[in-house]
Every structure is written in structure tokens, then in C-alpha cells.
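Peer 1:
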Amino acid sequence: LSTSVTGNAQAFGFSITVTVTFGVVDAAEGHPTRLDLLGFAMAAVAAFSLLNLVVYQLIDRDRDSATRQRALLIATATDFLAIAAAVGIAFGATALVHGWAAWLLTPFLAGLVYVLVQSVELAVGRGEVDDT
1403 LSTSVTGNAQ
1413 AFGFSITVTV
1423 TFGVVDAAEG
1433 HPTRLDLLGF
1443 AMAAVAAFSL
1453 LNLVVYQLID
1463 RDRDSATRQR
1473 ALLIATATDF
1483 LAIAAAVGIA
1493 FGATALVHGW
1503 AAWLLTPFLA
1513 GLVYVLVQSV
1523 ELAVGRGEVD
1533 DT
């Protein structure tokens, strides 16, 4: 339980933050367009990606213990790809299905695509680290 709670605390906090932030912007600015939604998603990940790149540059490249961490940082710095793919699938799914099917199929497909693209990014990140 401790590992689960501590391992997910930051993601849980960010999830709540970005969800409520979306609600705040939606309430202030009105119904978002698809481009607004894509921009919101990309902006939400931009801070993490920027910080990951900074940390990656600060890691001592000669330390073997940092190899796994560098792979993770490289992969998460490319979260734009995974999020863009997931949001793209969400747009596509809602164009094809409606009603309850959209509510069930859209998050399922978006989650599936996000995890699959993230897996590829992690593999690429590990490959980049192995090449250094």
C-alpha cells in the first residue's frame, strides 16, 4: 500500500490539478474547440518536459546509477508524442461513436494509445542511454 500510494501521489496530484485547471479555463472561456483541447493538453505536459530536459542535462553522465533515470527522463521529455496520439484517438473516437459508446470507448482507446506510445518512448530512451 505504501509503495502504491507514494508511487502514485505525484501523478494523482497532477491529474487533479490539470482536471480542475481545465474546468477553470472552460468556465472562464466557454466551450473549447478541438484545437483548444489539443493546445491545453500540450501545454499541460510542457512544464514536465522542460523540467525533465533540465534534469537530464544536470545528471552526471559518468554515473552508472543514473542510467535508468536518464532513460526515464528522455522518455518523459517526449510525452508530447504520447499525449498527442491519445488526444488524436479521442478526437477520432468521438467523431465515430456517440452516446454511452463514446463515454466508454474514448477513454479506453486514449489510455491504450497513451500507454503504447509511452512504452515505445521508454524503449527509445533506454536505447539513447545505452548509446552514450
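Taking this note's numbering, the leading residue of the sequence shown gets 1403, the next gets one more, and so forth.
Positions of the beta carbon are idealized from the N, C-alpha and C atoms, including for glycine.
Only a predicted model underlies this, so the values are computations on that prediction, with no experimental measurement involved.
Give the secondary structure of Gly1501 by DSSP, where H, G and I count as helix, E and B as strand, and everything else as coil.
Peer 2: Taking the first residue of the sequence shown as position 1, residue 1501 is located at position 99. Three-state DSSP puts Gly1501 in coil, outside helix and strand.
Peer 1: Which residue wins for smallest C-alpha separation from Val1517, given the options Ser1451, Gly1425, Thr1423, Ala1488?
Peer 2: Reading the sequence shown from its first residue, position 115 is the one you call residue 1517. Among Ser1451, Gly1425, Thr1423, Ala1488, the Cα nearest to that of Val1517 belongs to Ala1488.
Peer 1: Should Ile1485 go down as buried or exposed, given a rule of 16 or more other Cβ atoms within 10 Å for buried?
Peer 2: Position 83 of the sequence shown, counted from the start, is the residue given in the question as residue 1485. Buried is the call here.
Peer 1: Out of Gly1432, Val1519, Gln1520, Asp1481, which one is the CA nearest neighbour of Leu1455?
Peer 2: Taking the sequence shown and counting its residues from 1, the one referred to as residue 1455 is at position 53. Comparing Cα positions, the closest option is Asp1481.
Peer 1: State the start and end residues of the unbroken alpha helix (DSSP H) segment that holds Gly1432.
Peer 2: Here residue 1432 is taken as the residue at index 30 of the sequence shown, counted from 1. No alpha helix (DSSP H) contains Gly1432, which DSSP labels as neither H nor E.
Peer 1: According to DSSP, is Ile1461 part of a helix, a strand, or is it coil?
Peer 2: For this step, residue 1461 is matched to residue 59 along the sequence shown. Correct three-state label for Ile1461: coil.
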